[in-house]
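All remarks here apply to the structure that follows.
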Amino acid sequence: GEDVEQSLFLSVREGDSSVINCTYTDSSSTYLYWYKQEPGAGLQLLTYIFSNMDMKQDQRLTVLLNKKDKHLSLRIADTQTGDSAIYFCAEIGDSSYKLIFGSGTRLLVRP
Amino acid sequence: EPEVTQTPSHQVTQMGQEVILRCVPISNHLYFYWYRQILGQKVEFLVSFYNNEISEKSEIFDDQFSVERPDGSNFTLKIRSTKLEDSAMYFCASSGQGRNLGQFFGPGTRLTVL
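Which chain is which? The protein sequence lines are C and S, in order. Residue numbering for the first sequence follows our numbering, starting at 1 and increasing by one per position. Residue numbering for the second sequence follows our numbering, starting at 112 and increasing by one per position.
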């Protein structure tokens, strides 16, 4: 079945770039998403990418998609302490309504 | 900015009791969803709802679960006879006409079954 995998933890220094990686198995994935979850809060949609794109940039966020390897990454430039959160990768398959989530990557930004 | 709201934020119930979790999706959205996250596990899809009917459901969404849009603004998830393993954070989400452009999530309801 469909599966999405992420590394569990990433620690970076404030001001550095963060790169969070994700792999997925569903070859019919049409859209891929990044969500952010801060403590006690819901899932905030950060950005998405359509599967026929290989890059999308939105301010400090850059999403890279390698469809051949089924690999997605989120780069956060100039990481700030306010970026500390759990980041979830998710995908949706063709004609489906359900998001398939990864287990989330906890990003810790050190001052 | 419009947002999805959920009530209550925390619900404690006894095993076997019925619970209703409530959500108010973003007002012009057309697609509605419930997900849950058991502590330490992935966020799992339960059900999607469009045009007053279920459009997709997971294996988790058995006869104990039901959804309803009782009026133009609320979207509810009912669990008829709760089990210990139903303890989880339940998230409601909604999306607009371009449903693949993103599902917008509420803050969640933490359900504790004793």
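We put the beta carbon where it would ideally sit given N, CA and C, even for glycine.
Beta carbon proximity, L150(S) to chain C, threshold 8 Å: Within the second sequence, the letter at position 39 stands for residue 150(S). Taking Cβ atoms only, chain C never reaches closer than 8 Å to L150(S), which makes this a no.
As a quick exercise: from V19(C), T81(C), Y35(C), pick the residue whose alpha carbon is nearest that of R75(C). Along the first sequence, read from residue 1 onward, the residue named residue 75(C) stands at position 75. Nearest option by C-alpha distance: V19(C).
Please determine, among S17(C), F9(C), R106(C), the residue with the shortest C-alpha to C-alpha distance to L61(C). Residue 61(C) sits at position 61 when you count from the first residue of the first sequence. Ranking the options by Cα distance to L61(C), first place goes to S17(C).
Using CA atoms only, rank isn't needed, just tell me which of D182(S), E179(S), S138(S), T223(S) is closest to F215(S). As a working note, residue 215(S) is residue 104 in the second sequence. It is S138(S).
Tell me whether the beta-carbon of L99(C) lies closer than 8 Å to the beta-carbon of F156(S). Against the first sequence, residue 99(C) aligns to sequence position 99. Against the second sequence, residue 156(S) aligns to sequence position 45. The beta carbons of L99(C) and F156(S) sit closer together than 8 Å.
Quick one: does Y142(S) have its CB under 8 Å from some CB of chain C? The sequence position of residue 142(S) within the second sequence is 31, counting from 1. Judged by the 8 Å Cβ criterion, Y142(S) is in contact with chain C.
Going by the DSSP bridge assignment, what does H71(C) pair with across the sheet? Working through the first sequence from its first residue, we reach residue 71(C) at position 71. Residue pairing by DSSP places H71(C) opposite T23(C), N66(C) in a beta bridge.
Residue of P111(C), G102(C), R106(C) minimising C-alpha distance to P39(C): Walking along the first sequence from the start, residue 39(C) turns up at place 39. For P39(C), the nearest C-alpha among the options comes from R106(C).
Quick check: the Cα distance between E133(S) and L32(C), rounded to an integer number of angstroms? The residue you call residue 133(S) lines up with position 22 of the second sequence. The residue you call residue 32(C) lines up with position 32 of the first sequence. In the sequence as displayed, the identity of residue 133(S) is Arg instead of Glu. In a straight line, the C-alpha of R133(S) is about 28 Å away from that of L32(C).
Closer than 8 Å, Cβ to Cβ, to anything on chain C: give me those residues from the segment 177-202 of chain S, in chain order. Taking 8 Å as the Cβ-Cβ cut-off, the segment 177-202 of chain S approaches chain C at F202, given in chain order.
Who are the neighbours of I76(C) on chain S, taking C-beta pairs under 9 Å? Counting from 1 along the first sequence, the entry for residue 76(C) is found at position 76. When 9 Å is used as the limit between beta carbons, I76(C) is near no residue of chain S, the shortest such separation being about 19 Å.
Could you name the residues of chain S that A85(C) contacts, counting a contact when the two beta carbons are closer than 9 Å? Here residue 85(C) corresponds to residue number 85 of the first sequence, with the count starting at 1. Chain-ordered listing is empty here: chain S has no CB closer than 9 Å to the CB of A85(C), the nearest sitting near 14 Å.
Grouping DSSP H, G and I as helix and E and B as strand, with all else coil, what is E258(S)? Because chain S here runs from 112 to 225, residue 258(S) falls outside it and cannot be looked at.
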